[in-house]
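A short write-up of the structure that comes next.
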Amino acid sequence: MGTSTAGGYVTREGNITTWLNELAFVPIDYNPDAPIDEWSGDYGCGVQYFSQQAVARLIPKSGLEIDVALPPAQKLKLVQAAMAAGDARAARIYSTIGVYLGYTLAHFADFYDFSNVLLLGRVTTGEGGNLIVKNARNVLAREFPTLAERLHIHMPDEKERRHGQAIAAASLPAL
């Protein structure tokens, strides 16, 4: 959850699959008015819900006043600063992303057999990452209780969240 959305899948046996698991471009919102991904041209792709683009897209709805001309990375930094200052408008952005994540994990469970999810990336930095996890877990517990019982959402410590896949991959939980 950073500049884009990276995602992959490993079977319970610890193997990669023979099919593509690039979850950034998997549709998670089937509304024809969902945001369009500038790279693939598809609408409702995960990258629009779990990245800097998601944060930037939610800013106007949150009530935060941030210059629309700024690049997504700079907007994210300003939202993180607002979150660190206790601004409820920033918290709404992270809470919304958490709700998106909860429903998306349930959707992915229709196609993948998984029990562990590892979250990392700049969007998860700070207290906002904890809100994302909290709200995803709330959605799962309320709407998908059987899945919630078996699904574990992991987030590495603050430093490793920001350093990406290489460090995090080395710390994957046992399958």
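Okay, so the sequence shown: first residue is 45 according to our numbering, each after it adds one.
Built from N, CA and C at the ideal position, the CB exists for glycine as well.
Treat the numbers as computed from the prediction; the structure is a model and nothing was measured.
Closest by CA to residue i, which one among the options?
i: Tyr-138; options: Ser-95, Asp-157, Gly-85, Ile-72; result: Ser-95
i: Leu-149; options: Tyr-93, Ala-125, Ala-126, Asp-81; result: Tyr-93
i: Asp-201; options: Glu-187, Leu-163, Gly-90; result: Leu-163
State the Cα-Cα distance for the pair residue i and residue j, rounded to the nearest angstrom.
i: Leu-35; j: Val-161; result: Within the shown structure, residues of the chain are numbered from 45 to 219, placing residue 35 beyond reach of any answer.
i: Lys-119; j: Gly-130; result: 17 Å
i: Val-123; j: Ala-134; result: 6 Å
i: Val-99; j: Ala-132; result: 14 Å
i: Ala-113; j: Glu-57; result: 47 Å
i: His-196; j: Asp-154; result: 17 Å
i: Leu-191; j: Gly-165; result: 24 Å
Can the beta-carbon of residue i be found less than 7 Å from the beta-carbon of residue j?
i: Pro-76; j: Gln-97; result: no
i: Leu-102; j: Thr-140; result: yes
i: Arg-136; j: Ser-106; result: yes
i: Tyr-156; j: Tyr-53; result: yes
i: Met-199; j: Glu-171; result: no
Between residue i and residue j, how many whole angstroms is the CB-CB distance? I'm expecting something under 8 Å.
i: Val-177; j: Gly-142; result: 7 Å
i: Ala-78; j: Thr-49; result: Ala-78 to Thr-49, Cβ: 15 Å. No contact.
i: Pro-71; j: Gly-88; result: 5 Å
i: Thr-61; j: Thr-55; result: 7 Å
Runs of alpha helix (DSSP H) wholly within the stretch 102-142 (minimum 4 residues, chain order):
116-128
Could you pull out every unbroken alpha helix (DSSP H) segment of at least 4 residues lying fully inside the stretch 133-205, listed in chain order?
171-187, 189-194
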